[in-house]
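**Q**
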Amino acid sequence: MTERTLSIIKPDATRRNLTGRINAMLEEAGLRIVAQKRTRLTVDEARAFYAVHKERPFFDSLVTFMTSGPVVAQVLEGHDAVSRNRGVMGATNPDQAADGTIRRVFAESVEANSVHGSDSPDNAASEIAFFFSARDIIG
Ligand code: CMP
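For the sequence shown, this note's numbering begins at -4 and goes up steadily by one.
1) Would you kindly work out how many angstroms separate the C-alpha atoms of Glu40 and Glu122, rounded to a whole number?
2) Which runs of the beta strand (DSSP E), 3 residues or longer, sit entirely within the region 23 to 94?
3) I'd like to check one pair, Val77 with Glu(-2): are the Cβ atoms closer than 8 Å?
4) So does Phe125 have its beta carbon nearer than 7 Å to some heavy atom of ligand 1?
5) Just the C-alpha distance for Ile132 and Ala24, rounded to the nearest angstrom, thanks.
6) Any heavy atom of ligand 1 within a distance shorter than 7 Å of the CB on His111?
7) Determine whether the beta carbon atoms of Thr96 and Val105 lie at a separation below 8 Å.
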């Protein structure tokens, strides 16, 4: 089923000028970038985006990291886009990510893991709405 998901290229990756190489991996995996925006999250925005993790011990560090530089928010479209994107991203911890995945190739650590991707279609819808309005998305 054609689906959309929210992707974020994180500050560790923008700092190393990896946006184009990551986008090429997303496109080679069959995903289309139908909206894209470079932005810098405020602390309040990062806390809101990751609110589901607010009780985790890594929450404050995650917010500091996600506000440490630019991010590139994207809407990806394709067949089973949520799981397709999670496949090309690889596991959260790069040491456990499969060979050839974005996190295996580029991530610096479990925190600075280069990309975020929505984990379900429901979360994709709310995460897309966090960054984009309907008219920003050109399929
Ligand atoms: P992401 O897929 O964006 O979802 C939550 C983020 O929290 C995750 O990627 C990592 O950047 C970070 N994260 C997850 N687990 C840990 C951990 N154990 N220690 C530090 N950061 C983590």
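Positions of the beta carbon are idealized from the N, C-alpha and C atoms, including for glycine. These numbers come from a predicted model, not from an experiment.
**A** Concretely, from the data shown:
1) In the sequence shown, the residue the question calls residue 40 occupies position 45. In the sequence shown, the residue the question calls residue 122 occupies position 127. Approximately 12 Å, taken between the alpha carbons.
2) Fully enclosed beta strand (DSSP E) runs of 3 or longer: 27 to 34 and 66 to 74.
3) Along the sequence shown, one-based indexing puts residue -2 at 3. Along the sequence shown, one-based indexing puts residue 77 at 82. One thing to note: Glu(-2) has its Cβ within 8 Å of the Cβ of Val77.
4) Here the question's residue 125 lines up with position 130 in the sequence shown. Exclusion of Phe125 from the 7 Å shell around ligand 1 follows from its C-beta lying no nearer than that to any non-hydrogen atom of the ligand.
5) Taking the sequence shown and counting its residues from 1, the one referred to as residue 132 is at position 137. Taking the sequence shown and counting its residues from 1, the one referred to as residue 24 is at position 29. Going from the Cα of Ile132 to the Cα of Ala24 covers about 20 Å.
6) Here residue 111 corresponds to residue number 116 of the sequence shown, with the count starting at 1. When distances are taken from the beta-carbon of His111 to the heavy atoms of ligand 1, the shortest one is below 7 Å.
7) Numbered from its first residue, the sequence shown carries residue 96 at position 101. Numbered from its first residue, the sequence shown carries residue 105 at position 110. With contacts defined as CB atoms closer than 8 Å, Thr96 and Val105 fail to qualify as a contacting pair.
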